[in-house]
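For the record, the sequence lines run as chains A and B. Just so we're aligned, residue 1 is where the first sequence starts under my numbering, counting upward by one. Just so we're aligned, residue 1001 is where the second sequence starts under my numbering, counting upward by one.
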Amino acid sequence: MSEAADLPLWAALLVSALVLVGAGLTLIGSYGLLRLERFYDRIHAPTLGSSWGTGGILVASMLLFSVLQTRPVLHEILIALFVTVTTPVTLMLLARAALYRDRTEGNADVPPMLSKDVPPTQNP
Amino acid sequence: MRRWLPYPLLTLSLTVMWVLLHRPSLGHVLLGGAIAVAATWALARLQPDKPRLRNWLAMPQLLGIVLYDIIRSNIAVAGIILQGGRARRTSGFIVIPLELSNRTGLSVLAVIVTATPGTAWVEFDPAHGRLLLHVFDLVDEAAWQALIKHRYERLLLEIFE
């Protein structure tokens, strides 16, 4: 990338810092996914990558290309938006599948079904 | 107006999305606008529930709170993972009674809870309005309940109900 030489120092420093933070958080999240022991703990680790891991890299990208092209480049906002909005679907699918399995196997460390222990309220 | 623009907010969002994906110009605003209007007509045929937004002012406030909380919990969870097995930590499930019953509001709450590292939405029982969460660093159960109820649910109730 030959254009990178045109980048002012302040922008270069800021972009590098943001990319490092984003990549670092994603790495820590992946390490957590590898090292944590219980399934329900492990689902928390990758959210580091899908929140500010992605966020840091996207903000860096917006900054870098906005400075280089001297116009606001903002389509990274859409990436952030769609990553954030779609993560719950996968997470709930995984968490509920694990929960059903654990309940079927009769594991003591998962809570019982929510609808079982109280009768439904009368008015909806 | 209602006939031509059944979902004005969605039309606007789709137009903004189109313009963001291209170089902003009048041509793209017009083209994106036309595509957005056609797309919302197609959506109107499906007759989805139309969410009512009651309090616009609470939305930026909620966004600010959530962005701040995500940064804070990123640091907290990263810290716990880096400490490895040395940190004494209990994780566990908590049940939170919710007053919120609006489907859009609940979806937004699900996105907030999931996007924040350290909390995971596990199960929701719509008959009793009870939510089962898994919390990574469960020090004080009541504090987590208060966080969800007062920090997020109160604003979501203002916006959607």
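All C-beta atoms in this analysis are idealised placements derived from N, C-alpha and C, irrespective of residue type, glycine included.
Residue-level contact to chain B via CB, residue i, 8 Å cutoff
i, result
"V85 (chain A)", "yes"
"R103 (chain A)", "no"
"I28 (chain A)", "yes"
"S16 (chain A)", "no"
"N123 (chain A)", "Note on N123 (chain A): pLDDT 44, under 50, position unreliable in the model; the coordinate value appears next. Chain B contact via Cβ: absent."
"I43 (chain A)", "yes"
"G106 (chain A)", "no"
"L7 (chain A)", "no"
"S51 (chain A)", "yes"
Beta-carbon gap between residue i and residue j smaller than 8 Å
i, j, result
"E1153 (chain B)", "L1100 (chain B)", "yes"
"L1132 (chain B)", "E1141 (chain B)", "no"
"T87 (chain A)", "T1114 (chain B)", "yes"
"I79 (chain A)", "L58 (chain A)", "yes"
"R38 (chain A)", "G1084 (chain B)", "no"
"I1096 (chain B)", "K1149 (chain B)", "yes"
"I28 (chain A)", "L94 (chain A)", "no"
"V1029 (chain B)", "V1037 (chain B)", "no"
"M113 (chain A)", "R103 (chain A)", "yes"
"V67 (chain A)", "L7 (chain A)", "yes"
Span of the alpha helix (DSSP H) around residue i
i, result
"I28 (chain A)", "9-35"
Cα-Cα separation between residue i and residue j, rounded to whole angstroms
i, j, result
"T1011 (chain B)", "P1060 (chain B)", "20 Å"
"D1069 (chain B)", "S16 (chain A)", "24 Å"
"G1032 (chain B)", "R71 (chain A)", "20 Å"
"G106 (chain A)", "I1094 (chain B)", "19 Å"
"L1062 (chain B)", "R1151 (chain B)", "8 Å"
"V85 (chain A)", "R1054 (chain B)", "22 Å"
"A1044 (chain B)", "R1052 (chain B)", "16 Å"
"Q69 (chain A)", "M62 (chain A)", "11 Å"
"H1134 (chain B)", "P1024 (chain B)", "43 Å"
Short CB-CB distance (under 8 Å) between residue i and chain A
i, result
"W1121 (chain B)", "yes"
"F1160 (chain B)", "no"
"T1104 (chain B)", "no"
"G1033 (chain B)", "no"
"G1118 (chain B)", "yes"
Run of the beta strand (DSSP E) containing residue i, from where it starts to where it stops
i, result
"W52 (chain A)", "Note, W52 (chain A): premise wrong, no beta strand (DSSP E); not H, not E."
"F1124 (chain B)", "1119-1125"
"V941 (chain B)", "The structure shown does not extend to residue 941 (chain B), since chain B is modelled only from 1001 through 1161, so no value can be given for it."
"R1130 (chain B)", "1130-1135"
Residue-chain proximity (residue i, chain C), Cβ-Cβ < 8 Å
i, result
"A1115 (chain B)", "Checking the listed chains, one finds no chain C in this structure; the protein chains it contains are A and B."
Open item on the list: Measuring CB atoms only, is the segment 23-35 of chain A touching the segment 1089-1105 of chain B, in the sense that at least three cross pairs come out at less than 8 Å?
Closed with: No, because fewer than three Cβ pairs between the segment 23-35 of chain A and the segment 1089-1105 of chain B fall closer than 8 Å, the two stretches do not touch.
TODO: Give a yes or no on contact between the segment 1040-1053 of chain B and the segment 1007-1026 of chain B, applying the rule of three or more CB pairs nearer than 8 Å.
DONE: Counting Cβ pairs under 8 Å, three or more are found: they touch.
Task: the segment 41-59 of chain A / the segment 1072-1080 of chain B touching (three or more Cβ pairs under 8 Å) - done: Contact between the segment 41-59 of chain A and the segment 1072-1080 of chain B is present, because at least three Cβ pairs lie under 8 Å.
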